[in-house]
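Peer 1:
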Amino acid sequence: MSERLSPEVVAHVAQLARLDLTDDELALYTGQLAAVLEHAGDVEALELDDVPPTAHPLSIVNVLRADEPRPCLDRDEVLAMAPSTEDGRFRVPRIMSEDV
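Letter by letter, the sequence shown follows residues 1 to 100 in the UniProt record's numbering.
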């Protein structure tokens, strides 16, 4: 599979991804991508007809407890603990300018 991969193909993919690669990077990534594609070809060649499809390698089911509704703090209690509130909401420092 790697014989079909050329620096021109990698350069085209890089251009589509809006990546500006140097010649050294292009050479490096061409070799690395060729190795990845070769490995994918090895996996593709495996005989997997008798292997059932799985979403997880272990046969475990949800190990988390079931959600149970519980009472939570009252809105006014929570706002009373906040350092600053305004109109029934938390007031936080501005992080963006007005012109955004």
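Where a beta carbon is used, it is the ideal one built from N, C-alpha and C, also for glycine.
Starting from the C-beta of Ala-82, find all residues in its chain whose C-beta is less than 7 Å away, skip the five residues before and the five after it, and write them out in chain order.
Peer 2: The residue labelled residue 82 in the question sits at position 82 within the sequence shown. Correct list, in chain order: Phe-90.
Peer 1: Ser-6: which of Leu-28, Arg-18 and Asp-20 sits nearest, CA to CA?
Peer 2: Taking the sequence shown and counting its residues from 1, the one referred to as residue 6 is at position 6. It is Leu-28.
Peer 1: For a test of the three-state rule: what should DSSP assign to Arg-65, helix, strand or coil?
Peer 2: By one-based count along the sequence shown, residue 65 stands at place 65. In the structure shown, Arg-65 sits in coil (DSSP, three-state: anything other than H, G, I, E or B).
Peer 1: Give the DSSP-derived three-state secondary structure of Arg-4 in the structure shown.
Peer 2: Position 4 of the sequence shown, counting from 1, holds the residue named residue 4. Residue state, collapsed to three classes: helix.
Peer 1: How would you call Val-36, buried or exposed, if buried means at least 16 neighbouring beta carbons within 10 angstroms?
Peer 2: In the sequence shown, counting from the first residue as 1, residue 36 sits at position 36. Answer is exposed; the Cβ neighbour count stays below 16.
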